[in-house]
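Only one structure is covered here, and it is reproduced in the block below.
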Amino acid sequence: IIIYKKIFMKEFDVIVIWAWSGWLTVSIWLASAWKKVALVEKWLIGWDCTNFWCVPSKALINIASSGKYDNVKDALKEVRSRRQKIQDEETPEEIEKYGLKVIKWTAKFISKNTIQVWDKKQISAKNIVIATWSHAVPYSVKWLNKKDILTNETIFELEENIKNLVVIWGWYIGCELAESFASIWVNVTIIQRNLRLIPREEKESSEVIEKDFRSKGVKIYTNST
Numbered sequence: 136i137i138i139y140k141k142i143f144m145k146e147f148d149v150i151v152i153w154a155w156s157g158w159l160t161v162s163i164w165l166a167s168a169w170k171k172v173a174l175v176e177k178w179l180i181g182w183d184c185t186n187f188w189c190v191p192s193k194a195l196i197n198i199a200s201s202g203k204y205d206n207v208k209d210a211l212k213e214v215r216s217r218r219q220k221i222q223d224e225e226t227p228e229e230i231e232k233y234g235l236k237v238i239k240w241t242a243k244f245i246s247k248n249t250i251q252v253w254d255k256k257q258i259s260a261k262n263i264v265i266a267t268w269s270h271a272v273p274y275s276v277k278w279l280n281k282k283d284i285l286t287n288e289t290i291f292e293l294e295e296n297i298k299n300l301v302v303i304w305g306w307y308i309g310c311e312l313a314e315s316f317a318s319i320w321v322n323v324t325i326i327q328r329n330l331r332l333i334p335r336e337e338k339e340s341s342e343v344i345e346k347d348f349r350s351k352g353v354k355i356y357t358n359s360t
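Under the working numbering, the first residue of the sequence shown carries the number 136, and numbering increases by one thereafter.
What follows is the structure, encoded as structure tokens:
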């Protein structure tokens, strides 16, 4: 009862909804500035960056460059081990040491400044940050086994060796996946519906990346579906 009152019977200065890397940093920074901060996240702290993208892909590139492994299975095992060390530093208990409150639940707006969490309990704040993220949407191909259709949320969990990988769409995550897996002896192909990779960036950036990828044996099909 005492804990319940402490959490829900007072207002916060800021509520941050969802704890992906950018807004995790914002929450910690605000707490360090003596703001009363509530961070609402039901799933994973750090989201894409820690768990499905930046950390594992860069770890894989680094592991491959070491020459320590000659197969995907063992390289990915070390990727998960390295990732776990960061995940252990981003648990709700560890994040709360920075002086903010982590509420492991979903958030539903009740009014402009009030959200509902934890079984219809409510918290309020003058400012609420909506830090949205995305989920990967796997393709459904009737003649493919579902286990062979991977996303950035599942590919680093592989516990078997693969020889070929097709990456559909060459945006940021797709390009990082292509580079990291090409670096551990996987034949990688990128299929990009736009005229070039990372199309929101300068044309010169795309040209540099495409040239580098081709030098590493990555096949690139642009303007294709």
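Cβ atoms here follow ideal geometry from the backbone N, Cα and C, with glycine treated the same way.
Can you name, in chain order, every residue of its own chain whose Cβ lies under 7 Å from the Cβ of residue i, other than the five neighbours on each side?
{"i": "Cys310", "result": "Leu332, Ile333 and Ile344"}
{"i": "Ala210", "result": "Leu195, Ile198, Ala199, Tyr204 and Ile319"}
{"i": "Asp347", "result": "none"}
{"i": "Trp158", "result": "Val151, Val264 and Ala266"}
{"i": "Val214", "result": "Pro191, Ala194, Leu195, Ile198 and Phe291"}
What does a CB cutoff of less than 6 Å around residue i pick up in its chain, not counting 5 residues either side in sequence?
{"i": "Val149", "result": "Leu165, Lys170, Val172, Ala260 and Asn262"}
{"i": "Ala168", "result": "none"}
{"i": "Ile303", "result": "Ile326"}
{"i": "Lys236", "result": "Ala173"}
Return yes when the Cβ of residue j is within less than 9 Å of the Cβ of residue i, no when it is not.
{"i": "Ile180", "j": "Ile250", "result": "no"}
{"i": "Gln327", "j": "Asn287", "result": "no"}
{"i": "Asn280", "j": "Lys208", "result": "no"}
{"i": "Thr267", "j": "Glu225", "result": "no"}
{"i": "Lys243", "j": "Glu294", "result": "no"}
{"i": "Ile265", "j": "Val252", "result": "no"}
{"i": "Asp183", "j": "Ser216", "result": "no"}
{"i": "Val175", "j": "Thr241", "result": "yes"}
{"i": "Asn329", "j": "Gly305", "result": "yes"}
{"i": "Phe187", "j": "Phe316", "result": "no"}
{"i": "Ile308", "j": "Ile355", "result": "no"}
{"i": "Ile245", "j": "Glu146", "result": "no"}
How long is the line joining the alpha carbons of residue i and residue j, rounded to whole angstroms?
{"i": "Asn299", "j": "Asn322", "result": "5 Å"}
{"i": "Trp278", "j": "Glu314", "result": "27 Å"}
{"i": "Tyr274", "j": "Ser201", "result": "34 Å"}
{"i": "Asn272", "j": "Arg349", "result": "For the record, residue 272 in the displayed sequence is Val; it is not Asn. In a straight line, the C-alpha of Val272 is about 27 Å away from that of Arg349."}
{"i": "Thr360", "j": "Cys189", "result": "26 Å"}
{"i": "Ile221", "j": "Glu229", "result": "11 Å"}
{"i": "Lys247", "j": "Glu339", "result": "44 Å"}
{"i": "Ala154", "j": "Asn206", "result": "34 Å"}
{"i": "Asp254", "j": "Lys282", "result": "35 Å"}
{"i": "Tyr139", "j": "Lys177", "result": "Residue confidence for Tyr139 is low, a pLDDT of 45 falling below 50, so the modelled location carries little weight; the figure read from the coordinates is stated next. Using only the alpha carbons, I get a separation of about 18 Å."}
{"i": "Glu342", "j": "Glu336", "result": "11 Å"}
{"i": "Val276", "j": "Pro227", "result": "38 Å"}
Pick out whichever of the options has its Cα sitting closest to the Cα of residue i.
{"i": "Gly234", "options": "Val161, Thr324 and Glu336", "result": "Val161"}
{"i": "Ile163", "options": "Glu231, Arg349, Asp223 and Asn248", "result": "Glu231"}
{"i": "Leu312", "options": "Lys338, Leu285, Glu336 and Glu337", "result": "Leu285"}
Going along the chain, which residues of its own chain have a beta-carbon closer than 8 Å to the beta-carbon of residue i, five neighbours each way excluded?
{"i": "His270", "result": "Glu288"}
{"i": "Arg218", "result": "Thr185, Asn186, Val190, Pro191, Ala194 and Phe291"}
{"i": "Asp223", "result": "Glu229"}
Taking 8 Å as the line, does the beta carbon of residue i fall inside it for any heavy atom of the ligand PLP?
{"i": "Cys310", "result": "As for the ligand PLP, it is missing from this structure, which has no ligand bound."}
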